[in-house]
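Under this note's numbering, the first residue of the sequence shown is numbered 710, with each subsequent residue one higher.
Presented below is the structure to which this report refers.
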Amino acid sequence: MLPSPPITRNQIELMRRDNIASGEIPGLASLEITPTALEQVLAEVLEKAR
710 MLPSPPITRN QIELMRRDNI ASGEIPGLAS LEITPTALEQ VLAEVLEKAR
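Right, here's the structure in full:
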């Protein structure tokens, strides 16, 4: 056993199951959420932090 394993048992368990959304589940539109580019949001956050 390693003192600090490179991967945990929980991570192994999570990799055993698919975690990619299919087209059969509701998306952002059904929740009335408009996607926004990360660059735009990040610029706004950084501007407020100055």
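We put the CB at the ideal spot given by N, CA and C, even for glycine.
Does the distance from the CB of residue i to the CB of residue j come in under 9 Å?
i, j, result
"T743", "L737", "yes"
Just to confirm my understanding: we take residue i, look at its own chain, exclude 5 residues before and 5 after, and list those with CB closer than 7 Å. What are they?
i, result
"P714", "none"
Under a three-way DSSP split, which group does residue i fall into?
i, result
"A758", "helix"
"A726", "Correcting the residue identity first, residue 726 is Arg in this sequence and not Ala. It is coil, neither helix nor strand."
"S739", "helix"
"E748", "helix"
To the nearest angstrom, how far is the alpha carbon of residue i from that of residue j?
i, j, result
"E753", "S731", "32 Å"
"R726", "Q720", "11 Å"
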